[in-house]
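In the working numbering, the protein residues as written are 1 to 327. We put the beta carbon where it would ideally sit given N, CA and C, even for glycine. Computed from a prediction, not measured in an experiment: that's the story for all the values here. For reference, the structure is listed below as structure tokens.
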């Protein structure tokens, strides 16, 4: 959230208006964020938005410019609500921004839709039962609507980012359902991640590629638990490949936490492969899993990362116990 807060300060610095009164209000909003006083910034941005809306009514020739400015203020307020974890209020601001934005502004409308989908998804995670399913469904539908505006041809990076966010929402939804519906959602998430990777290549966008490969590995591993036989084995093999691809980008020196997380995930996928394979092949896979768990533990020390270390130690003990029993 700290990164989002800094991003909003930067955006406000770039946000300007030809109207002296609105420009003055924007300066005051920037000052409020420096304090920071979110309530004051929200109030000032709402006032700036209202002045732009009134000007759009009184001066039709400048309506497009003024309504866009009014929408930007509403979108910024939505982002500031997200910083404060007020996701329901953020959604209201994003929806207001969408009612103000001219339909011709595809890029900005697409970006606001992504913001709205993010707020719906983030707000839904803390909800229990059926309501979280409804929230994730709404988020998925909103991401898909954004993709009709942020096309790969016109806005490739935003398209890829939205595909990845769509994949995350689909995966989260799949984890909270069962049976054929869960499989369908995980497969849709896999498709979204693979689409993102057509833009997020290792050569052009290494960090985005590594992150997306890690997410792809997770969704493949989640699918691998369901089918038996060759189908499940292929899914775990795909997860292993994705995790290893991520590790060609993330190094221990450059991204230690991400590196350790992938090492642990790779260890789990290899262990699951080994449990299924059995025999000498299975034993070899389990030994590789141990290697990956031990690498993760080099970063996840007891002092700095007790929870992660405990999980990895548990995984390691299970695999070693299995190996002891098959000697």
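Rounded separation between residue i and residue j - CA only
i	j	result
residue 204	residue 321	43 Å
residue 350	residue 30	Given a span of 1 to 327 for the chain in the structure shown, any question on residue 350 remains unanswerable.
residue 310	residue 272	19 Å
residue 106	residue 123	25 Å
residue 184	residue 156	26 Å
residue 263	residue 243	8 Å
residue 326	residue 141	48 Å
residue 42	residue 77	6 Å
residue 247	residue 194	17 Å
residue 164	residue 138	16 Å
residue 304	residue 104	50 Å
residue 121	residue 169	7 Å
residue 277	residue 144	39 Å
residue 294	residue 24	57 Å
residue 59	residue 102	15 Å
residue 235	residue 63	53 Å
residue 317	residue 206	33 Å
residue 187	residue 291	30 Å
Neighbourhood of residue i by C-beta, 7 Å cutoff - its chain only, sequence neighbours within 5 removed
i	result
residue 286	271, 274, 319, 322, 323
residue 88	123
Test item: CB-CB of residue i and residue j under 9 Å
i	j	result
residue 45	residue 56	no
residue 176	residue 133	yes
residue 296	residue 260	yes
residue 160	residue 152	yes
residue 119	residue 90	yes
residue 197	residue 146	no
residue 249	residue 210	yes
residue 83	residue 38	yes
Extent of the continuous alpha helix (DSSP H) to which residue i belongs
i	result
residue 317	306-326
residue 27	20-34
residue 58	38-58
residue 347	Residue 347 lies beyond the stretch modelled for the chain, which goes from 1 to 327, so this question has no answer here.
residue 249	Looking at the DSSP string, residue 249 is not in any alpha helix (DSSP H), and its letter there is neither H nor E.
residue 275	256-277
residue 156	156-175
residue 96	87-100
CA nearest to the CA of residue i, picked from the options
i	options	result
residue 252	137, 298, 58, 281	298
residue 192	102, 109, 215	215
residue 22	38, 70, 63, 37	70
residue 171	179, 158, 190	190
residue 167	136, 179, 180	136
residue 269	34, 38, 62, 288	288
residue 158	188, 115, 179, 178	115
Other residues of its chain near residue i: CB distance less than 6 Å, five sequence neighbours each side excluded
i	result
residue 74	49, 93, 96, 97
residue 302	309
residue 149	106, 109, 110
residue 100	67, 70, 71
residue 208	200
residue 173	136, 185
residue 182	174
residue 258	250
residue 212	164, 193, 196, 197, 200
Beta-carbon contacts of residue i that lie in its chain and below 8 Å, excluding the five residues immediately before and after
i	result
residue 52	17, 19, 22, 66, 67, 69, 70, 73
residue 131	124
residue 256	299
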